[in-house]
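Enquirer:
Protein chains: 4
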Amino acid sequence: MKQLNIGIIGYKFMGRAHSNAWKKASLFFDIPFQPVLKVACGRHRDSLMEFAKKWGWEETETDWRRLIERDDIDVIDIATPQHLHAEIAMAAAKAGKHLFCEKPLAMTSAEAETMLQVCKHSGVTHYLNHNYRRVPAIALAKRMIADGLIGNIYHWRAAYQQDWITDPNFPLTWQLQRELAQAGPQWDLNSHCVDLAHYLVGQITDVTALTRRFIDQRPLAVEGAMGNLKAEAAGYGMGEVTVEDAALMLVNFENGAVGSFEATRFANGRKNKLSFEIYGSEGAITFDLERMNELQYFSTRDPDGLRGFRTLLATDENHPYIKHWWPAGHIIGYEHTFIHAAADFVTALGSGTAIKPDFADGIAILKVLEAGLKSATERKTIRVE
Amino acid sequence: MKQLNIGIIGYKFMGRAHSNAWKKASLFFDIPFQPVLKVACGRHRDSLMEFAKKWGWEETETDWRRLIERDDIDVIDIATPQHLHAEIAMAAAKAGKHLFCEKPLAMTSAEAETMLQVCKHSGVTHYLNHNYRRVPAIALAKRMIADGLIGNIYHWRAAYQQDWITDPNFPLTWQLQRELAQAGPQWDLNSHCVDLAHYLVGQITDVTALTRRFIDQRPLAVEGAMGNLKAEAAGYGMGEVTVEDAALMLVNFENGAVGSFEATRFANGRKNKLSFEIYGSEGAITFDLERMNELQYFSTRDPDGLRGFRTLLATDENHPYIKHWWPAGHIIGYEHTFIHAAADFVTALGSGTAIKPDFADGIAILKVLEAGLKSATERKTIRVE
Amino acid sequence: MKQLNIGIIGYKFMGRAHSNAWKKASLFFDIPFQPVLKVACGRHRDSLMEFAKKWGWEETETDWRRLIERDDIDVIDIATPQHLHAEIAMAAAKAGKHLFCEKPLAMTSAEAETMLQVCKHSGVTHYLNHNYRRVPAIALAKRMIADGLIGNIYHWRAAYQQDWITDPNFPLTWQLQRELAQAGPQWDLNSHCVDLAHYLVGQITDVTALTRRFIDQRPLAVEGAMGNLKAEAAGYGMGEVTVEDAALMLVNFENGAVGSFEATRFANGRKNKLSFEIYGSEGAITFDLERMNELQYFSTRDPDGLRGFRTLLATDENHPYIKHWWPAGHIIGYEHTFIHAAADFVTALGSGTAIKPDFADGIAILKVLEAGLKSATERKTIRVE
Amino acid sequence: MKQLNIGIIGYKFMGRAHSNAWKKASLFFDIPFQPVLKVACGRHRDSLMEFAKKWGWEETETDWRRLIERDDIDVIDIATPQHLHAEIAMAAAKAGKHLFCEKPLAMTSAEAETMLQVCKHSGVTHYLNHNYRRVPAIALAKRMIADGLIGNIYHWRAAYQQDWITDPNFPLTWQLQRELAQAGPQWDLNSHCVDLAHYLVGQITDVTALTRRFIDQRPLAVEGAMGNLKAEAAGYGMGEVTVEDAALMLVNFENGAVGSFEATRFANGRKNKLSFEIYGSEGAITFDLERMNELQYFSTRDPDGLRGFRTLLATDENHPYIKHWWPAGHIIGYEHTFIHAAADFVTALGSGTAIKPDFADGIAILKVLEAGLKSATERKTIRVE
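Protein chains in written order, with full-length UniProt numbering: chain G, 1 to 385; chain C, 1 to 385; chain V, 1 to 385; chain E, 1 to 385.
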């Protein structure tokens with residue numbers, strides 16, 4: 001099988017999740033190329049070497065520009081914080097590399113527009129890794145909605161709730177600094193939910209938002225120790241939190257639905273709870289990422305007196321992605337969404353077709369998120385252009 | 001035991017729920033007066049007579065003014081649609097009757113202010129029946145919050161979802177007409193949720209809202225056939241729906257919390273689902289009215305590795321109201337909240353103390369709801385005065 | 001409306017639940033007679049008087065024989081511990097009184113057979129109050145099974161779990177003494193589950209059982225303080241527990257299904273958790289009394305990929321008993337099962353038809369329970385005769 | 001890192017799950033040897049070759065005896081149906097190979113005893129893959145019980161429910177033939193539950209059981225098409241089902257607890273639902289494999305009025321195995337239990353210590369299962385020797 005050489009930039013939480021995906025994709029899916037873990041790239045040589053050895057990356061680089069210059073790399077996998085995405089993506093696209101890029105796409109939609117233009121000009125495939133589209137239960141929801149099972153949609157209600165920074169002594173990691181992250185949960189979490197809303201419901205036309213910061217100062221963080229939603233305080237001072245801690249939005253959709261979003265890192269007891277409810281004229285669907293193998297489905301077409309929300313355990317052979325895994329009832333987990341993304345990405349490369357979501361989708365998401373920040377500042381509704 | 005003569009106005013859904021409460025309060029609670037179902041009042045004599053006979057109301061009146069003139073009535077129970085509340089309440093208060101009034105309090109906060117002034121001037125007790133405060137699980141939540149069990153509150157997230165008008169052929173009942181109802185779910189459902197937010201979290205300082213009507217015209221309804229969330233179409237034409245079908249709000253609280261509200265009659269599969277989530281610095285509490293005997297509670301004080309949302313079945317003897325009912329695990333239902341209200345109301349009369357929520361609380365609720373409607377129209381944040 | 005004079009014997013937990021039922025039945029149901037709370041009977045005059053006053057029983061008696069002699073009593077409501085059932089029931093039946101009898105029916109099936117013979121000879125109506133048949137969700141399950149919705153039944157799996165005696169200092173109440181109770185959870189709890197199995201699945205042909213006592217001695221109890229699953233220790237000594245603390249059974253049904261039962265008072269965290277699962281050739285149904293308004297339903301007839309257990313909230317107008325109560329989504333509670341029983345009982349008296357379950361059903365239950373005790377002793381399977 | 005050469009026998013459902021485990025163990029865990037997928041062995045060359053290529057097994061063999069003769073193999077991974085386990089295991093042990101053996105261990109406990117003797121004599125490590133011990137939530141339950149969090153155990157209540165053969169046209173696969181499988185769910189499913197009971201509660205002293213076959217004849221199956229709980233009918237006749245379809249047991253434990261087991265392939269709607277409840281003097285724990293990242297925990301030590309079953313999402317860093325995976329709230333799946341087993345197995349080889357469960361545990365399980373079959377036949381309680 002022809003090989004597909006991957007160069008990855010970033011080796012923390014996402015670096016691991018992506019490495020695992022590149023290694024496993026061909027074991028469970030029939031894909032046209034064999035992904036090769038060719039070069040891992042990061043700034044800190046020691047931890048990079050350890051990562052590369054663990055995961056079998058053949059070589060390492062500490063300068064991402066050198067990685068991009070290499071002729072033997074087919075795909076650049078961007079697993080860095082978002083403030084580096086644009087520069088890397090554009091350089092890589094210009095060098096003819098296909099792009100597998102972590103979310104959120106960029107710091108601004110303007111930046112993202114430029115990224116997309118470069119990709120189009122270079123003719124490379126660009127994939128934006130909003131991995132939750134590839135949760136089988138969510139892909140099933142998409143199919144059900146497309147099949148008309150819940151009719152016309154009236155309501156989208158989403159929340160993405162975490163609690164990893166409720167401790168005031170949690171340090172000032174990059175995620176809490178505007179110059180590195182652009183925003184807090186609005187970028188990190190609502191980007192996922194807006195992507196899902198675009199995917200499942202439709203385009204958003206206006207946004208009314210409210211944001212809030214609950215803790216203004218935090219201990220400075222030890223650099224390099226910030227992966228995996230954990231971090232260590234450096235012990236020598238405090239710094240300003242410059243992003244919001246919570247971001248809420250109300251929206252209108254082009255198709256007449258209304259929607260709400262709530263993203264927070266201050267919901268004690270919620271670890272990674274992305275939940276949504278969709279109500280339509282013929283039924284309803286709800287989902288909770290902490291029980292990601294399940295989908296709740298209500299149908300008005302069930303007989304009178306026998307209607308109720310049913311728990312679909314999305315592990316049947318005919319559910320999306322599942323025939324590649326285990327028998328019904330044998331659940332899969334978070335990491336599998338990355339494997340699905342890698343498999344679909346390689347398949348798209350093989351057939352020369354596009355894969356969704358891509359940078360154009362990323363731009364649309366960022367425009368909604370930007371409208372949200374603007375609305376929160378100006379305290380009025382903002383149209384999404 | 002001294003008797004307390006009740007005169008009720010209205011005999012549909014709320015008329016039944018209140019009658020049941022007046023009859024049962026003394027059976028399960030030790031209250032200082034025996035409520036007597038003295039006079040039932042309504043416009044349609046035949047159905048009124050049937051109601052009165054069924055429930056043991058000793059007499060009937062078809063003109064509420066005559067009821068209020070009677071010397072033998074101690075309490076006026078207002079169980080009519082809201083457009084009648086102000087006139088009845090003020091007349092009754094002037095006549096020295098204590099008031100047990102259904103929610104929402106009135107058509108406007110200005111109207112409600114006048115109601116309150118009259119009550120104060122007359123010295124009568126005024127109770128506004130936001131009955132959900134008296135769900136044992138919610139009263140337990142209040143106690144837990146007051147005891148500091150979840151610390152300072154960051155988030156309030158509420159939804160009140162129903163589906164009784166998703167059918168486009170559901171007729172144009174009074175609840176769908178602005179001149180009779182003032183608003184749709186914003187008045188009917190969000191009034192409950194704002195009351196609970198005031199009760200459990202604190203005062204709201206500003207509101208940003210979005211409302212939506214999904215269906216503009218409906219068949220005209222048969223008059224008099226509109227109780228119990230059911231109705232019959234008259235068969236001779238269509239009329240304009242003049243209230244919203246869904247109302248969403250984002251709010252700030254005085255104490256620094258942020259909140260969201262979502263109220264709709266278009267959530268297929270949800271019958272009477274009032275749910276809320278409260279996240280604080282030390283824990284969290286969530287509730288769902290369709291499982292109203294339960295409360296979910298998360299505590300950061302639990303040992304590391306043993307933390308999780310626990311289901312409190314609020315039927316223990318030491319839970320609010322429960323010692324008057326059945327052994328642990330033997331659940332109660334919707335109607336019991338009215339019995340609790342009746343018992344507390346009679347107790348308050350006995351001791352000469354106030355009972356909450358009262359008309360002042362109703363004014364505060366209406367101001368938030370009005371700010372919501374204004375925000376939805378003007379598409380900007382509105383301060384609650 | 002013609003009156004139906006009730007005489008009740010017993011005034012503790014069941015006395016209250018029955019009194020409430022007699023008072024409320026006519027308010028919510030159209031029944032042919034008006035139950036009158038005529039005479040309450042009990043041994044302790046002071047607490048009896050208090051009870052009678054609270055609930056409006058017109059008169060009291062401390063000797064149940066005198067009650068039965070009265071000409072003005074139509075119905076004897078037996079709300080005593082089971083060791084008194086037979087004597088009372090037979091005397092009352094001989095006096096021509098209709099019988100509304102608490103469960104379990106008697107101390108032995110032989111005793112129960114005699115009771116039934118006397119009733120038949122006297123021509124009185126005999127009702128055995130296994131009230132859970134009249135939980136709307138369970139009556140709905142019955143209807144669904146009768147309609148063939150789950151096909152032929154393969155499995156019945158039931159548990160009735162409580163925890164009110166896990167504290168070793170909980171005193172030796174009558175429920176823990178063989179001469180007063182005959183058995184522990186086998187009589188008290190499994191009687192309910194066997195009744196439901198007979199109702200929903202069919203007749204049981206053989207039983208294999210295991211029983212266990214976890215605590216052999218307990219403090220003696222203050223007499224008269226044993227209602228409502230609570231009790232006080234007398235403080236002057238210990239006594240032998242002479243019933244089992246847990247009773248488990250495996251059974252075969254006549255129709256080819258297999259079943260299991262598990263009843264215990266030692267399941268910490270379970271207050272009144274009666275749960276069952278039924279699996280058939282076309283679907284499945286499960287139930288949990290702590291969420292008694294809900295029924296879980298799985299259908300193999302749902303489309304492939306869209307199958308799952310759905311939560312039926314058994315509060316729709318077309319669900320059993322519900323049209324007499326509140327709109328959909330407004331739940332009812334434990335006490336309502338007694339009201340349903342009272343309404344159906346009065347209706348049966350009015351039409352001169354039988355009501356189920358009756359003493360014949362009680363005999364069938366006791367035979368299964370006796371086979372269980374025998375099996376547990378002999379450690380072998382026992383046929384139910 | 002020193003390599004550990006694996007030879008696997010069997011390449012269906014378990015072959016895939018094991019291959020995945022051997023490949024991933026070193027990526028997520030620090031283990032002393034690098035497992036090498038050296039030789040895959042199976043009878044059907046074409047599908048074997050396809051399997052080996054997919055998973056990267058370096059070589060293939062169609063005769064397991066030749067595989068065992070090879071000097072370069074360290075571990076024999078037995079992923080065949082159970083009727084082949086004994087012969088393979090004994091040959092491999094005699095050849096000095098360490099054993100990683102699928103469950104159930106063997107056809108009989110006598111056979112298993114011989115297997116253990118050979119292993120002991122050869123000094124090889126023997127692991128029996130009851131993989132559910134290595135579900136993080138179950139390992140957490142073990143730790144909690146060991147820490148005394150639920151006190152002395154009173155009750156174990158387990159069920160393992162599937163529905164893959166409810167269709168009468170599902171063919172006669174090897175799992176339904178006594179000479180190949182020895183028994184039905186008693187071997188396949190109850191072996192897991194008995195293992196967990198031994199692990200979490202203690203030794204079982206006697207068994208009372210009931211088994212049932214619901215369908216006696218099925219279409220003959222196409223050979224070789226029976227993996228993954230699916231199969232194809234051959235289309236040329238029917239054959240006798242010679243195992244039970246359901247197996248229920250009641251047991252006593254040495255430590256005074258009582259237990260129940262229910263295993264079936266006829267529970268429509270249940271795909272792979274292994275659930276258990278454990279009640280102790282200080283609390284309770286429940287688990288459901290279809291939500292395998294969660295554990296329900298009740299503690300009597302929680303404050304009065306604040307007690308309830310809490311959902312532990314077993315994805316915290318300090319939960320067993322989790323620090324090797326993803327941040328809290330990012331769930332894992334079925335396949336991870338095999339990776340944990342592989343990692344622990346390799347670690348045990350590195351340190352020269354034993355790993356549990358082993359063949360001795362397998363013997364204990366089989367003795368309970370055999371007592372169950374005997375009890376079901378003789379209809380009496382059987383002591384476990």
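C-beta atoms are modelled at their ideal positions from N, C-alpha and C, and glycine is treated no differently.
Note that the coordinates shown come from a computational prediction; the quantities given were computed from them, not determined experimentally.
1. Return the first residue and the last residue of the beta strand (DSSP E) that Ile88 (chain G) is part of.
2. Give me the chain E residues within the contact set of Asp304 (chain C), using Cβ-Cβ distance strictly less than 8 Å, ordered along the chain.
3. Given a cut-off of 8 Å on the beta-carbon distance, is the pair Phe29 (chain V) and Ala233 (chain V) in contact?
4. Within this structure, are the beta carbons of Leu116 (chain E) and Ala360 (chain E) separated by less than 8 Å?
5. According to DSSP, Val201 (chain V) sits in a beta bridge with which residue or residues?
6. Against chain G, which members of the segment 289-303 of chain V pass a CB distance test of less than 9 Å?
7. Decide if the segment 280-294 of chain G is in contact with the segment 203-220 of chain G; the criterion is three or more beta carbon pairs, one per stretch, under 8 Å apart.
8. Check whether the segment 171-189 of chain G touches the segment 239-248 of chain G, taking contact to mean three or more Cβ pairs, one atom from each stretch, closer than 8 Å.
9. What in chain G is Cβ-close to Arg310 (chain V), meaning under 7 Å?
10. For the segment 260-271 of chain C, enumerate the residues whose C-beta is nearer than 7 Å to any C-beta of chain G, in chain order.
11. Could you list the residues in the segment 43-65 of chain G with a C-beta less than 7 Å from some C-beta on chain E, going in chain order?
12. Might you give, ordered along the chain, the residues of its own chain that have their beta carbon closer than 6 Å to the beta carbon of Asn228 (chain C), omitting 5 neighbours on each side?
13. Using DSSP's beta-bridge definition, name the partner residues of Ile285 (chain G).
14. For Gly269 (chain C), which of G:Asn268, G:Thr300, G:Pro320 has the nearest alpha-carbon?
15. Once DSSP output is grouped into helix, strand and coil, what is the label at Ile363 (chain V)?
16. At the 8 Å Cβ level, is His155 (chain G) part of the contact set with chain C, yes or no?
17. By the criterion of Cβ-Cβ separation under 8 Å, what are the contact partners of Leu180 (chain G) in chain V?
18. Ordered along the chain, which non-local residues of its own chain (more than five positions away) have a Cβ less than 7 Å from that of Leu313 (chain E)?
19. Do His85 (chain E) and Ile76 (chain E) have their C-beta atoms closer together than 8 Å?
20. Taking all protein chains shown into account, do 16 or more other C-beta atoms lie within 10 angstroms of the C-beta of His130 (chain G), making it buried, or fewer, making it exposed?
21. Can you tell me where the alpha helix (DSSP H) holding Arg65 (chain V) begins and where it ends?
22. Distance check for Ala112 (chain V) and Lys94 (chain V), CA to CA, integer angstroms please.
23. Using a Cβ distance threshold of 8 Å, determine whether the segment 350-358 of chain G contacts the segment 151-160 of chain G, with at least three qualifying pairs required.
24. Give the C-beta separation of Ala158 (chain C) and Phe261 (chain C) to the nearest angstrom, bearing in mind that I take them to be a contact with Cβ-Cβ under 8 Å.
25. Counting only C-beta atoms, is Glu102 (chain V) closer than 8 Å to chain C at any point?
26. Counting only Cβ pairs nearer than 8 Å, list the residues of chain E close to Leu313 (chain C).
27. Enumerate in chain order the residues of its own chain whose CB-to-CB distance from Pro168 (chain C) is below 8 Å, with the five nearest sequence positions on each side excluded.
28. With a 10 Å radius around its C-beta and 16 neighbouring C-beta atoms as the bar for buried, classify Thr377 (chain G) as buried or exposed.
29. Between Tyr334 (chain G) and chain E, is any beta-carbon pair separated by less than 8 Å?
30. From what residue to what residue does the alpha helix (DSSP H) around Val384 (chain C) run?
31. What does DSSP give as the partner residues of Leu176 (chain G) in its beta bridges?
32. Please confirm whether Pro136 (chain E) has its beta-carbon closer than 8 Å to some beta-carbon of chain A.
33. Tell me which same chain residues have a C-beta within less than 6 Å of the C-beta of Thr166 (chain V), skipping the five on either side of it?
Expert: Taking the structure as given:
1. Taken as a continuous stretch (DSSP letters only), Ile88 (chain G) belongs to no beta strand (DSSP E), being part of the alpha helix (DSSP H) at 85-94.
2. Asp316, Asn318
3. no
4. yes
5. Paired residue(s): none; Val201 (chain V) is not in a bridge.
6. Glu294, Leu295, Gln296, Tyr297, Phe298, Ser299, Asp302
7. no
8. yes
9. Gly308, Phe309, Arg310
10. Ser260, Glu262, Thr264, Phe266, Ala267, Asn268, Gly269
11. Lys54, Trp55
12. Residue placement at Asn228 (chain C) cannot be trusted, given a pLDDT of 49 that sits under 50; the coordinates are not used to answer.
13. G:Ile278, G:Tyr297
14. G:Thr300
15. helix
16. yes
17. None at all; the shortest Cβ gap to chain V is about 43 Å.
18. Asn293, Glu294, Gly329
19. no
20. buried
21. 64-69
22. 15 Å
23. no
24. 5 Å
25. no
26. Gly308
27. Ile215, Arg218
28. exposed
29. yes
30. Taken as a continuous stretch (DSSP letters only), Val384 (chain C) belongs to no alpha helix (DSSP H), as it is neither H nor E.
31. Its beta-bridge partners do not exist; DSSP assigns none.
32. The structure shown contains no chain A; its protein chains are G, C, V and E.
33. Phe266, Asn268
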